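Colleague: Chains as they are written, first to last, in my numbering: chain D, 64 to 313; chain S, 3 to 490.
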C-alpha cells in the first residue's frame, strides 16, 4: 500500500529526513513515535505530498511521488490525495460550514457526488463517530474531541485507502482523547490502513501492528509493539520510552 | 465639540459675522483702500482668467472694469477666488465686498441681493449640432439641453415645460457633450457660446437671441451707498468711453451694448420645502442608493479578483494587481470620474450614470482588494492544508474554503466602505448626475438657505445608511457566529 524508498528532505543545511525506507501493507496500523523534532510529522506530510522532498520516492495507493512535483502533476496529486485521508492535530475543520457540510464538501466538489448521496453517506459516518445528532452543529459549537471526530469522518468520506493521523489527540484534554482513540481503534479493527503519529504509548501498544521510532530523520526501530515498546533494541528507543515512563510517573 | 457644532450650524445658516457692519461696506473699503471682489477663474476667458504668458497675473474684461471702478473710487481692487455657485452666499456671509463674474440680473437675484447697473448686455444663444434643423428653443421640448447651474439660461429651460435641462459646472463640458450626442442643444450666454461652442465646426449657433440679459455687480442688501458709488463710476465710464474701450479690447463690443436695460428677466416660481421638493429629494436619494449599490456590486467581485491575484498570483499577475490598486487608490475619485466621462469620451461614450457607477466601482475595487487581501492572509494556514489534503484544486479551495471565510472577516470593513461610498457618490455631480447632495445644493438656491435642505439631505443619508449598517450587522451575526470578541 505504501512504499518509501531512500527518502531525503532538507531544511536549508539541516537534514530532516535521511534515507528513510519502509513498507506498509494493506490493513496495517503503524504507530509513529519518537522525540519531538525527529521528523515524524514531516515524514507523514511527505506521504501525501503536503511537503515535498529532495530525493527518494514514495508509492502510495498506487501513485508514485517524486521530488519536485509541481503544477504539471497537480491533477495526479489531487487524485492521490482523494485516496489518502489526513487528520490534523488542530482538526482544521472549515468554520463556516456545519459538521455535515464539512464532510460532504469534498465528495461533492472533488468527486461530483450528488448532494443527497453525499449527505446520506455523511450521516452514516457521523453515526460511526458517534455524532449523528450533531450534524447541523458548526465547529465552534463542538468540543475539541467532537471536532476531531468530525474531521475523521471528513477524511473517511473520500473512502480513502490510507489514513494519515498527525498527532490526532495532542490538542485535546485527556477526557476527550478516549472518544477519538476509540474511533481510531474501530477503524483499525475494520482493516483500514493507517499511520498514526502519537505520544500515547498505551494507545500505540493497543492498536498498532507495528511501531516506528523515528529520531534524527531516520527510522531507528521498526517492529511489533511487543518488541519495540516492551523490549527496545536501540539506545534511542530505550531512552525515549524510559523518559516517557518517568514522565508518566511524575 | 459644542463650539465646533455651533460654528457648523452658523456656517450652514449663513450667519457668520461679516467683515463690515451692515450697510457700511463703502466706508470699510475707503478705510482699507481696497475693494475685494469675488469671482471664479474657472469661468475662464474672457471674464477673469490667468494670463497664459504670465500665470500669476489675472486678466479679463471684468478685471479691467473692476480696476477702472476702483480707480474712480480712489482704491485698489483685489479679486478673491471662490467657486462660482457659492459666490452669492459668500457675498452674504461677508467674505468679500462685491461679486463680479458674469452675474446675471435675474428677477430672483434682484430680490435676494442688491444689483448694480449693467456693465454688459448678453444674449442667450442656442447651439445645436451642425445639420440639426432646429432653430428655436421651443423645438427642444422633450429633448436634452445643457446649460450652467444657477444661470438665466437654466431659469429659461426650467420655465419651458418638457425640456430636460442638464446642468454643468464648466464652460467647455456642455459643448463637448453636445458634440458627442449626449445632449441635443446648449443654451448659454453668447460670450460663452462664441468662445466654446460656435468655434466648433461640428456645432451650429442659431443666430437669433433667445433672450437678452445683463451682467451686473452683486452687492449685499443694505449697501446702497456702495451701489450708488459703483453705479456712478459705471455711468462715468459709459459716458467717457472707457467701458466701450475695455469691451472693444476684449472683442466683446456689439450693438446690444447700446440698450442699457433689456428687461427684468424671467422669474422662477417661489419655492418652499413642499411635497414636490420632498419628492425630488426622494428621487435623488434613490439615485444615490442605486449608484452606490451598483458601484459596490462592481467593486466587490473586482476587489476580490484583485486580492486573489495579489495573494496567490505569479509575479506578473501580482504586479498588475498592485499597479491597479496603487493607481486607483492613489489618485482622487474626482479625477477618475472626469477622465472616464470627459477624457475617454472620444473612445467610449458612457452615459453619466454608467460613468458614475463604473468610476466609483473601479475606485472602490482598489480599497476592497486590500480589505480582502488582509482577510485572506488572516485565515489560518491549516484551512488551505485541509482542503489540499482532501484533494481539492486551488480554485475549489479558493471558492469553497478561502473566499467564504475571507468574506466573514471582511464584513465589518466592507460595511464601512459601503457607507463611505454612499457619501462619496455625491462626487458624481461633476459629471451631471443629480444625486442627493446636488439636489440639496440646487434646493438651497431655490430656498435661499442651506439649513432646511441641508438637514433634509442629512436625514436622507442617514435613512439610507443606518438600515444598511443594521443589515450588515445581522449578516455578520449570521455568518460569523464563531467570531466573538476575546475577553481582554
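All C-beta atoms, glycine included, are put in the ideal place defined by N, C-alpha and C. For clarity, every value in this text was computed on a predicted model and none was experimentally measured.
Which residues mark the beginning and the end of the alpha helix (DSSP H) in which residue 459/S is found?
Modeller: Unbroken alpha helix (DSSP H) run through residue 459/S: 453-481.
Colleague: Would you say residue 376/S reaches chain D, if we count a Cβ-Cβ gap shorter than 9 Å as a contact?
Modeller: Chain D contact via Cβ: absent.
Colleague: Is the CB of residue 398/S under 9 Å away from at least one CB in chain D?
Modeller: Answer yes: the Cβ-Cβ gap between residue 398/S and chain D drops below 9 Å somewhere.
Colleague: Of all the options 404/S, 58/S, 371/S, which has the alpha carbon lying nearest to the alpha carbon of residue 320/S?
Modeller: Ranking 404/S, 58/S, 371/S by Cα distance to residue 320/S puts 371/S first.
Colleague: Rounded C-beta distance between residue 188/S and residue 172/S? I'm assuming under 8 Å.
Modeller: Not a contact, Cβ separation roughly 12 Å.
Colleague: Does the region 284-291 of chain S come into contact with the region 435-442 of chain S, if we say contact requires no fewer than three beta-carbon pairs (one atom in each stretch) closer than 8 Å?
Modeller: The region 284-291 of chain S, when compared against the region 435-442 of chain S, does touch it at the 8 Å Cβ threshold.
Colleague: Consult DSSP for residue 200/S and reduce its assignment to one of helix, strand or coil.
Modeller: Three-state result, residue 200/S: coil.
Colleague: Compare the Cα-Cα distances from residue 280/D to each of 84/D, 64/D, 66/D and report the closest residue.
Modeller: Among 84/D, 64/D, 66/D, the Cα nearest to that of residue 280/D is on 84/D.
Colleague: Quick check on residue 114/D: does DSSP put it in helix, strand or coil?
Modeller: Looking at residue 114/D - three-state DSSP - the assignment turns out to be coil, as it is neither helix nor strand.
Colleague: Going by Cα to Cα distance, which pick from 479/S, 446/S, 191/S is closest to residue 48/S?
Modeller: Of the listed residues, the one whose Cα sits closest to residue 48/S is 191/S.
Colleague: So, does the CB of residue 113/D fall closer than 9 Å to a CB anywhere in chain S?
Modeller: So yes, residue 113/D belongs to the interface.
Colleague: Quick one: measure Cβ to Cβ for residue 107/D and residue 258/D, integer angstroms, because I've assumed they're closer than 8 Å.
Modeller: The Cβ separation is near 6 Å, so the contact holds.
Colleague: Give, in chain order, every residue of the region 357-388 of chain S whose Cβ lies closer than 7 Å to some Cβ of chain D.
Modeller: Hits within the stretch, in order: 384, 385, 387, 388.
Colleague: Under 9 Å between the Cβ atoms of residue 285/S and residue 308/S?
Modeller: Going by C-beta atoms, residue 285/S is not nearer than 9 Å to residue 308/S.
Colleague: Under a three-way DSSP split, which group does residue 220/D fall into?
Modeller: Three-state DSSP puts residue 220/D in coil, outside helix and strand.
Colleague: According to DSSP, simplified to helix, strand and coil, what is residue 83/S?
Modeller: Strand at residue 83/S.
Colleague: Chain D beta carbons: is any one of them nearer than 9 Å to that of residue 493/S?
Modeller: In the structure displayed, chain S extends from 3 to 490; residue 493/S sits before or after that span and is not available.
Colleague: Kindly indicate which residue of 207/D, 138/D, 214/D has the alpha-carbon position closest to the one of residue 185/D.
Modeller: The option with the nearest alpha carbon to residue 185/D is 214/D.
Colleague: Would you tell me roughly how many angstroms separate the C-alpha atoms of residue 238/S and residue 296/S, rounded to the nearest one?
Modeller: Distance between the alpha carbons of residue 238/S and residue 296/S is about 59 Å.
Colleague: Give the straight-line distance between the Cα atoms of residue 376/S and residue 137/D, rounded to the nearest whole angstrom.
Modeller: Going by the C-alpha atoms only, they are around 27 Å apart.
Colleague: When DSSP builds the beta bridges, which residues end up paired with residue 92/D?
Modeller: Residue 92/D is bridged to 257/D.
Colleague: Counting only C-beta atoms, is residue 4/S closer than 9 Å to chain D at any point?
Modeller: With a pLDDT of only 49 at residue 4/S, under 50, the local geometry of the prediction cannot be trusted, and no value is derived from it.
Colleague: For a cutoff of 9 Å on Cβ pairs, would you count residue 74/D as touching chain S?
Modeller: No, no contact with chain S.
Colleague: Indicate whether at least one CB of chain D lies closer than 9 Å to the CB of residue 320/S.
Modeller: Cβ-Cβ to chain D under 9 Å: no for residue 320/S.
Colleague: I'd like the list of long-range same chain contacts for residue 130/D, defined as Cβ closer than 7 Å, with 5 residues on each side in sequence excluded.
Modeller: For residue 130/D, where only same-chain residues beyond five positions count, the Cβ hits under 7 Å are 115, 116, 117, 118.
Colleague: CA-CA distance, residue 330/S and residue 355/S?
Modeller: Spanning the two alpha carbons is a distance of roughly 19 Å.
Colleague: What do you get for residue 81/S, buried or exposed, if any count of 16 or more other CB atoms within 10 angstroms of its CB means buried?
Modeller: Flag for residue 81/S reads buried.
Colleague: What would DSSP say about residue 288/S, mapped onto helix, strand or coil?
Modeller: Residue state, collapsed to three classes: helix.
Colleague: Using a C-beta cutoff of 9 Å, does residue 391/S count as contacting chain D?
Modeller: Output row for residue 391/S: interface = yes.
Colleague: Please report the distance separating the alpha-carbon of residue 24/S from that of residue 153/S.
Modeller: About 27 Å.
Colleague: Would you tell me roughly how many angstroms separate the C-alpha atoms of residue 64/D and residue 359/S, rounded to the nearest one?
Modeller: Taking the straight line joining both Cα atoms gives about 59 Å.
Colleague: Strictly under 9 Å for the Cβ-Cβ distance: is residue 9/S near chain D by that measure?
Modeller: Confidence at residue 9/S is low in this model, with a pLDDT of 49, below 50, so its placement is unreliable and the value that follows should be read with caution. By this cut-off, residue 9/S is not an interface position.
Colleague: Can you tell me where the beta strand (DSSP E) with residue 239/S in it begins and where it stops?
Modeller: Run containing residue 239/S: none in the beta strand (DSSP E); it sits in the alpha helix (DSSP H), 226-241.
Colleague: Quickly, what does DSSP pair residue 213/S with across the bridge? List them, please.
Modeller: In DSSP, residue 213/S forms a bridge with 126/S.
Colleague: Alpha carbons only, please: which of 460/S, 401/S, 87/S, 336/S is nearest the one belonging to residue 432/S?
Modeller: Ranking the options by Cα distance to residue 432/S, first place goes to 336/S.
Colleague: So the alpha helix (DSSP H) residue 166/S belongs to, where does it begin and stop?
Modeller: Not the alpha helix (DSSP H): residue 166/S falls in the beta strand (DSSP E), residues 166-170.
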